[in-house]
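Reading through the structure tokens given below for one structure.
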Amino acid sequence: MITAGIDLGTQSVKAVILKDNELISRGKAFSGFDPAKAAEEALGEALKEVKLAMSKLVHVTATGPGMDMAPNSNSTVSMMGADAKAGVYLFPNARTIVDVGAEEARAVKCDVNGIMMDFVVNERCAAGAGAFIEAMARALEVKLEDMGPLSLKAERASSINASCVIFGESDVVSLIHRQESKPEIARAIFDAMADRVSSMVHRLGVNPDVVLVGGVAKDVGFVASLKRKLGIDVLIPAYPEYAGALGAALVAVNRVRKA
Amino acid sequence: MKSRNEEKKYMPEISKKEIEELRKTIEATSRKIVAENIEKMKKADLNRPKGMKYFDEIADFATREKEIRASKKEGKKVIGYTCLFAPIELILAADAIPVRVNSGWYDASKLGDRVVPVEVCPMVRSTIGAKMIALSPYLELSDALISVLTCDGMTKLGEILSDYKPVWAMTLPRVKDSEQSKRLWSEEIKSAKGQIEELTGNKIKRKQLKSAIGLTQKATKAFRRLQELRKGNPVIMGRDAMLVNQTYMWDSIERWTEKTEALCDELEKRASKKNWVCPPDTPRVMVTGTPMIWPDNWKVPTLVEEANPQGVLVADELCSGERLLYDPVGVDEWSMSDMLTAIAERYLMASTCPCFTSEDGNEDRINWMLNKIKEWKIQGVIYYVVRGCMLYAMEYTRVKKVLDGIGVPVYYLDTEYTREDVGQMKTRVEAFLEMLSARIDI
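For the protein sequence lines, the chains are A and B, in the order given.
Going by the working numbering, the first sequence opens with residue 1, and the numbers climb by one from there.
Going by the working numbering, the second sequence opens with residue 1001, and the numbers climb by one from there.
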């Protein structure tokens, strides 16, 4: 049985194809102004990679903030439900899935079958999410991908208040005026984000294993800060940004079986 | 009585022209929202009870405004209140009209930002904004306001509104069951009686008070009957029941009781025919938290009942809902002093407002919810908090612990008086409902 999952995120759309529960290909496109078109592109790319026609897909499940706009989808699933499914599929002992994307961060508690039991979402603010790193990288005049490695060079911790992207930026400016080094400021930025994300996890209760997914999981700086704040190891899959799409594709399998 | 020409303590001077312009725009939006909400409620239940027609009409502010205005011409006084502790029976006994004046208009909350910071609870800001442009007919028609000092927002709201009207502050003790608290509150009730008598010029006599208590007792009976009907498979959408409950805040109590009883008759027939408003396995949800005030602040009930997967609201623990009338005044002896004691007790002891504290952590609210969850077979609780609503926000931790203990999912939904976050809220509400229906598997 071949199924697909599409995750229509705020910044990019990801698609995943499963054959008999095994991941066989991925595709990605920028959301831009036309998420529906991006979804077609991402799914098209994934299909092309394994030389499959659209008609071979038995069921397509969409997730993500733009899920209602997905063309060719048979059903939808919440992002939290998809995270839970993907987390336990990737790491069978996972009980807490943390997903940090471009605009949103969330933590999901799940059971052994990957069924979500509880969840917390960051409170109407992008300060705990990827957009924050982007804004701060601009303020520091550092490339986004250099932020993480840079922060690892910090010799000590300084702090900023990441209650909001805008205030965070003015805090960074004051650190610059205090002539703090760039690595230390970069670390302060990740620490502030990790503070917000870890307090979300604490509200759910820290149930290991903790899995980190979403695009921000690729940032070594954030991962180091989050591990420090949680005080435990955090598991990260190979392609963390595809977790939502993977979860949706797994839900698609269930839906076919139940139908 | 002090002169109204005194310089205002809080409120800014705004030109008549600006007031007129703002009111025109916001009133037009309000009418649109009222119509939209009712339209959505009609669509949610294509076979909507006929009895709802009356409540749709009374939900339109203009309907009751006309009536109250006419009564005022005949010399009746109107007494507004912000919190549920205002002794309605005393107001009725003095032949005055009680109305709740809290504002649910989102646009008005933005005006309130001119007077107090945005960190303040939006219901308070909205009520201030409504007063600035004379938006709320109930607030405008009030001859005096009873401001019960419950939360910080309400305490200062009364002070701010005293720029316009006589405001009688009633000190509410934060600990319910001590002797000194009961004494203080009884004294407050007696002094409210004096103020009501002075304003209306009507001395409250035993006979009038007895019949006023009779009125609210009957209303409570009708109210409870409606909630009882929500115990089984759904015969009424949650929003419809919530609108019925809420109109009690401004309707004529006698007529409200009559119409609610009639609606219940209709619902009973529905139940006997197994005529459910949604599939019986629809997740049964209770909302608790910050009051939800008609017409704008209706987004959570709408989201829950229009979500995919759908939920149905079968109960609420809100001071704009079930807390309004859940407990009747219980009188043993119909003497004046016994009736006053009974009124004082009904308002103080029965309340589950988080402004109270006790050694066991506001146990009354917890127990009330546990009972509801059990009896009404509630599968999930949405804990709704607007920014700046400190008491509900803080008490969440306690409620969450208790509900985790009995395995009932609860979701903390934080929001503002705004229409812009509905998209984000939808994502969360739908994930929560998916979780409730998918504890089987998605």
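Glycine is no exception: its CB is placed at the ideal position from the N, C-alpha and C atoms.
_Pick from A/N21, A/S73, A/A15 that is closest to A/E45, judged by C-alpha positions_ = Here residue 45 of chain A is taken as the residue at index 45 of the first sequence, counted from 1. A/E45 has its Cα closest to that of A/A15, out of A/N21, A/S73, A/A15.
*Which of helix, strand or coil does DSSP assign to B/I1253?*
Here residue 1253 of chain B refers to the residue found at position 253 of the second sequence. Helix at B/I1253.
*Got a sec: which bits of the region 1240-1264 of chain B sit with their beta carbon under 7 Å from any beta carbon on chain A, in order along the chain?*
none
*Where do the ends of the alpha helix (DSSP H) carrying B/W1168 lie?*
As a position in the second sequence, residue 1168 of chain B is number 168, starting the count at 1. Looking at the DSSP string, B/W1168 is not in any alpha helix (DSSP H); the run it does join, the beta strand (DSSP E), is 1167-1171.
*Under 8 Å, do A/A186 and A/S158 count as touching if we go by C-beta distance?*
Counting from one through the first sequence, the residue named residue 186 of chain A turns up at place 186. Counting from one through the first sequence, the residue named residue 158 of chain A turns up at place 158. Not a contact, by the Cβ cut-off of 8 Å.
*Counting only runs that start and end within the region 1207-1236 of chain B, where is the alpha helix (DSSP H) found for 4 or more residues in a row?*
none
*Cutoff 8 Å; reference B/P1166; Cβ partners in own chain excluding five residues on either side*: Locating residue 1166 of chain B in the second sequence gives position 166, where the first residue counts as 1. The answer, listed in chain order, is M1001, D1143, A1144, L1145, L1199.
*Note down the Cα distance separating B/T1247 from A/A137, rounded to an integer number of angstroms.*
Numbered from its first residue, the second sequence carries residue 1247 of chain B at position 247. Numbered from its first residue, the first sequence carries residue 137 of chain A at position 137. Those two C-alpha atoms are separated by around 53 Å.
*Could you work out which residues of chain A lie near B/E1305, taking near to mean beta carbons separated by less than 8 Å?*
To locate residue 1305 of chain B, count along the second sequence from 1; it is residue 305. Here the premise fails: no neighbours, minimum Cβ distance about 17 Å.
*Tell me B/I1382's beta-bridge partners as DSSP assigns them.*
Position 382 of the second sequence, counting from 1, holds the residue named residue 1382 of chain B. BP columns for B/I1382 point to B/V1287, B/Y1411.
*How about B/E1430: is its C-beta nearer than 8 Å to some C-beta of chain A?*
Locating residue 1430 of chain B in the second sequence gives position 430, counting from the first residue. It does: the Cβ of B/E1430 has a partner Cβ on chain A nearer than 8 Å.
*asked:* I'd like to know if A/V121 contacts chain B, where contact means its C-beta is closer than 8 Å to some C-beta of that chain.
replied: The residue you call residue 121 of chain A lines up with position 121 of the first sequence. Taking Cβ atoms only, chain B reaches closer than 8 Å to A/V121, which makes this a yes.
*Under the rule that 16 or more other beta-carbon atoms within 10 Å means buried, what is B/I1440, buried or exposed?*
The sequence position of residue 1440 of chain B within the second sequence is 440, counting from 1. The pLDDT assigned to B/I1440 is 49, lower than 50, so where the model puts this residue is not dependable; a value taken from the coordinates is nonetheless given after this. With fewer than 16 Cβ atoms within 10 Å of its Cβ, B/I1440 is classed as exposed.
*Could you tell me the boundaries of the alpha helix (DSSP H) in which B/R1451 lies?*
This structure does not reach residue 1451 of chain B, given that chain B is present from 1001 up to 1442, and the question cannot be answered.
*Kindly list the residues whose CB is nearer than 7 Å to the CB of B/T1155, restricted to its own chain and excluding five residues on each side of it in sequence; keep chain order.*
As a working note, residue 1155 of chain B is residue 155 in the second sequence. L1149, listed in sequence order.
_Once DSSP output is grouped into helix, strand and coil, what is the label at B/M1349?_
Sequence index remark: in the second sequence, residue 1349 of chain B carries index 349 (1-based). Reduced to three states, the DSSP call for B/M1349 is helix.
*Closest residue to B/K1274 among B/M1292, B/A1262, B/I1236 (Cα-Cα distance)*: The residue labelled residue 1274 of chain B in the question sits at position 274 within the second sequence. Comparing Cα positions, the closest option is B/I1236.
*Are the beta-carbon atoms belonging to A/G9 and A/G64 less than 8 Å from one another?*
For the purposes of this step, residue 9 of chain A is taken as residue 9 along the first sequence, with counting starting at 1. For the purposes of this step, residue 64 of chain A is taken as residue 64 along the first sequence, with counting starting at 1. A contact, by the Cβ cut-off of 8 Å.
*Determine the extent of the beta strand (DSSP E) in which A/S12 is found, giving its start and end residues.*
By 1-based counting over the first sequence, the position of residue 12 of chain A is 12. Residues 12-19.
*asked:* Counting only Cβ-Cβ distances shorter than 7 Å, please list the residues of the region 1389-1422 of chain B near chain A, keeping chain order.
replied: P1409, D1414, D1421
_Uninterrupted alpha helix (DSSP H) stretches inside the region 1148-1200 of chain B (no shorter than 4 residues)_ = 1152-1161, 1179-1200
*asked:* By DSSP's criteria, A/K109 is part of a beta bridge. Which residues make up the other side?
replied: Counting from 1 along the first sequence, the entry for residue 109 of chain A is found at position 109. BP columns for A/K109 point to A/T96, A/D118.
*Whole angstroms is fine: what's the gap from B/D1296's alpha carbon to B/D1060's?*
Here residue 1296 of chain B refers to the residue found at position 296 when the second sequence is read from its first residue. Here residue 1060 of chain B refers to the residue found at position 60 when the second sequence is read from its first residue. Using only the alpha carbons, I get a separation of about 12 Å.
*Check each candidate in B/V1116, B/W1105, B/P1117, B/V1115 and name the one with the smallest Cα separation from B/A1130.*
Sequence index remark: in the second sequence, residue 1130 of chain B carries index 130 (1-based). For B/A1130, the nearest C-alpha among the options comes from B/W1105.
*Closer than 8 Å, Cβ to any Cβ of chain B: which residues of the region 60-81 of chain A, in chain order?*
P65, T76, V77, S78, M79, M80, G81
*Under a Cβ-count criterion, where at least 16 other Cβ atoms within 10 Å of its own Cβ denotes burial, should B/K1017 be classed as buried or exposed?*
Along the second sequence, read from residue 1 onward, the residue named residue 1017 of chain B stands at position 17. The residue is exposed, with fewer than 16 neighbouring Cβ atoms inside 10 Å.
*CA-to-CA distance, B/R1239 to B/N1047, given in whole angstroms*: Within the second sequence, the letter at position 47 stands for residue 1047 of chain B. Within the second sequence, the letter at position 239 stands for residue 1239 of chain B. Cα-Cα distance, rounded: 15 Å.
_In the DSSP assignment, the alpha helix (DSSP H) including B/S1358 goes from what residue to what residue?_
For the purposes of this step, residue 1358 of chain B is taken as the residue at position 358 of the second sequence. Neither: B/S1358 is in no alpha helix (DSSP H) and is coded neither H nor E.
*8 Å contact criterion, which A/A238 and A/A4 should meet: CB distance rounded*: Reading the first sequence from its first residue, position 238 is the one you call residue 238 of chain A. Reading the first sequence from its first residue, position 4 is the one you call residue 4 of chain A. No, A/A238 and A/A4 are not in contact; Cβ-Cβ is about 19 Å, not under 8 Å.
*Rounded C-beta distance between B/E1317 and B/M1369? I'm assuming under 8 Å.*
Start at 1 with the first residue of the second sequence, and residue 1317 of chain B comes out as number 317. Start at 1 with the first residue of the second sequence, and residue 1369 of chain B comes out as number 369. Their Cβ separation, rounded to whole angstroms, is 6 Å, which keeps B/E1317 and B/M1369 in contact under 8 Å.
*For A/P65, name the three-state secondary structure that DSSP assigns.*
By 1-based counting over the first sequence, the position of residue 65 of chain A is 65. Reduced to three states, the DSSP call for A/P65 is coil.
*Look at the alpha carbon of A/F132 and the alpha carbon of A/R156, and state the distance between them as a whole number of angstroms.*
Stepping through the first sequence from its first residue, residue 132 of chain A is reached at position 132. Stepping through the first sequence from its first residue, residue 156 of chain A is reached at position 156. When rounded, the distance between both Cα atoms is 21 Å.
*So A/S25 is in the beta strand (DSSP E); what residue range does that whole segment cover?*
The residue you call residue 25 of chain A lines up with position 25 of the first sequence. Segment 22-30, the beta strand (DSSP E) holding A/S25.
*Who are the near neighbours of A/G130 in its chain, counting only those whose CB is closer than 7 Å to its CB and skipping five residues on each side?*
Here residue 130 of chain A refers to the residue found at position 130 of the first sequence. V100, G101, A102, G215, V216, listed in sequence order.
*Measure the alpha-carbon distance for B/Q1208 versus B/I1293 and round it to whole angstroms.*
The residue given as residue 1208 of chain B occupies position 208 in the second sequence. The residue given as residue 1293 of chain B occupies position 293 in the second sequence. In a straight line, the C-alpha of B/Q1208 is about 31 Å away from that of B/I1293.
*Residue ranges of each beta strand (DSSP E) run of no fewer than 3 residues wholly in the region 1001-1083 of chain B, ordered along the chain?*
1078-1081
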